[in-house]
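Residue numbers (this note's numbering): 25 to 201. Even glycine gets a Cβ: it sits at the ideal position worked out from N, Cα and C. Structure first, then comments.
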Amino acid sequence: MSNNLTAEHPKKFVNSSNKITQIIDDFNQLDLKYDSSLNEIVKELYNKYNEEYLICEDLNLVINSLDQVLAEKKQNPDSIINWCLDNQNDSIAHIILARCYRFGKWIEKNEHKAYIHYQKSADMEFADGIYNVGVCYTANMGYSDAINRVGDCYLHGYGVEVDEYMAFVYYKKLAEL
Numbered sequence: 025m026s027n028n029l030t031a032e033h034p035k036k037f038v039n040s041s042n043k044i045t046q047i048i049d050d051f052n053q054l055d056l057k058y059d060s061s062l063n064e065i066v067k068e069l070y071n072k073y074n075e076e077y078l079i080c081e082d083l084n085l086v087i088n089s090l091d092q093v094l095a096e097k098k099q100n101p102d103s104i105i106n107w108c109l110d111n112q113n114d115s116i117a118h119i120i121l122a123r124c125y126r127f128g129k130w131i132e133k134n135e136h137k138a139y140i141h142y143q144k145s146a147d148m149e150f151a152d153g154i155y156n157v158g159v160c161y162t163a164n165m166g167y168s169d170a171i172n173r174v175g176d177c178y179l180h181g182y183g184v185e186v187d188e189y190m191a192f193v194y195y196k197k198l199a200e201l
């Protein structure tokens with residue numbers, strides 16, 4: 025009888041160990057899906073802001089349009105902010121954080137932190153980060169925003185055919201201000 029107990033005990037242990045391993049694997053898969061989902065939402069927020077910014081004169085409406093994306097995705101702002109803070113190697117995450125700090129959207133307004141995140145994105149050679157660092161330097165000149173919008177139109181084909189060279193020309197003008 026004691027041989028029978030010792031023979032069954034390792035089987036139970038192995039079965040329990042396999043179940044625990046499976047539970048951990050399932051949890052990790054859920055975490056990866058959640059992280060991937062948030063990554064997609066962050067990209068969607070980024071694109072929504074850029075699209076609305078090009079066609080809307082009222083910046084408050086542009087910023088508030090981001091709430092619609094979160095409502096559609098059934099996400100709260102804290103999950104987005106936390107994802108961005110946890111993904112410091114993602115240039116778009118820095119842009120989202122910078123915009124949140126710049127406009128006081130979902131977090132307390134802090135222009136210095138906005139600049140820091142724009143700079144981190146620029147350090148990753150992300151064009152939007154580079155542009156926004158330039159905006160921070162030329163904010164008082166008044167026309168840098170218009171030059172950027174023309175560049176965006178050429179880059180994305182808003183009202184004109186896509187022409188990356190012309191977009192570059194306008195972005196270069198902006199950088200030279």
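Can you say whether residue 142 is buried or exposed, counting buried as having 16 or more other CB atoms within 10 angstroms of its CB?
buried
Neighbourhood of residue 127 by C-beta distance below 6 Å, restricted to the same chain and skipping five residues each side:
87
Leaving aside the five residues before and after residue 101 along the sequence, list all residues of the same chain whose C-beta is less than 6 Å from its C-beta, in chain order.
130
DSSP state of residue 130 mapped onto helix, strand, coil
coil
Helix, strand or coil, according to DSSP, for residue 76 in the structure here?
helix
Going by alpha carbons, who is nearest to residue 182 out of 79, 194, 169?
79
Comparing alpha-carbon positions, which option in 81, 200, 90, 134 lies nearest residue 154?
200
Whether residue 198 touches residue 172 by CB criterion (8 Å)
Yes, the Cβ-Cβ distance between residue 198 and residue 172 is below 8 Å.
Cβ-based neighbour list, residue 97, same chain, cut-off 6 Å, excluding 5 preceding and 5 following
These residues qualify, in order along the chain: 65.
Would residue 185 be called buried (16 or more neighbouring beta carbons within 10 Å of its own) or exposed?
exposed
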